[in-house]
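Trainee:
In the numbering used here, the protein residues as written are 91 to 253.
1. With a CB to CB cut of under 8 Å and the five nearest residues on each side skipped, what residues in its chain are close to residue 240?
2. Among residues of its own chain, excluding the 5 on either side of residue 97, which ones have a beta-carbon nearer than 8 Å to its beta-carbon?
3. Look at the alpha carbon of residue 236 and the alpha carbon of residue 113, and state the distance between them as a whole number of angstroms.
4. Quick one: any contact between the segment 157–175 and the segment 186–206, if contact means 3 or more CB pairs under 8 Å?
5. According to the Cβ coordinates, are residue 227 and residue 210 closer than 8 Å?
6. Enumerate in chain order the residues of its own chain whose CB-to-CB distance from residue 155 is below 6 Å, with the five nearest sequence positions on each side excluded.
7. What residue does the alpha helix (DSSP H) around residue 155 start on, and which one ends it?
8. With a 10 Å radius around its C-beta and 16 neighbouring C-beta atoms as the bar for buried, classify residue 91 as buried or exposed.
9. Please classify residue 227: does DSSP put it in a helix, a strand, or coil?
10. What does the Cβ neighbour count give for residue 251, buried or exposed, with the cut at 16 atoms within 10 Å?
11. Under DSSP, the alpha helix (DSSP H) around residue 210 begins and ends at which residues?
12. Quick one: what's residue 187 bridged to in DSSP?
Written as structure tokens, this is what we have:
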């Protein structure tokens, strides 16, 4: 799986997303401009000691991302999406793109990819969910559909034992 952040603005969100990517064996793609430096302490704080284990690639812009990932199957998460995220069949090597916190993915890009735009249902007039929460919701659905391949499925207690 691949998570793509188009021009993310908040280092704490990106740090949380990076930690989720490490925990799920997912590659993170960051498309510039970024609203922070990758050395920002808030990224490292949110990502804890996982950031150095993250498989991350940074691109100069959206066109650079497309050139370096030819033929990529890209699903675009947007509040304007035509399909509910759970109604889509995610391929194991797909890319799930999220836009910047303040504006999402530009509508020009969405119109070019409208069949691959997915949304998370929300109640009432809420504008959007937190970016790192949205990534987790859709990523875990995609992983579930693919059988949580290579992921730990059993928990182990530290002091006590399961019966």
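Where is the CB? At the ideal position from N, CA and C, for every residue including glycine. All figures in this text were calculated on a predicted structure; none of them were measured in a lab.
Mentor: According to the structure shown:
1. 115
2. 121, 122, 123, 124, 125, 189, 190
3. 16 Å
4. yes
5. yes
6. 121, 149
7. 152–158
8. buried
9. helix
10. exposed
11. Segment: none, residue 210 is in no alpha helix (DSSP H) and carries neither H nor E.
12. 94, 166
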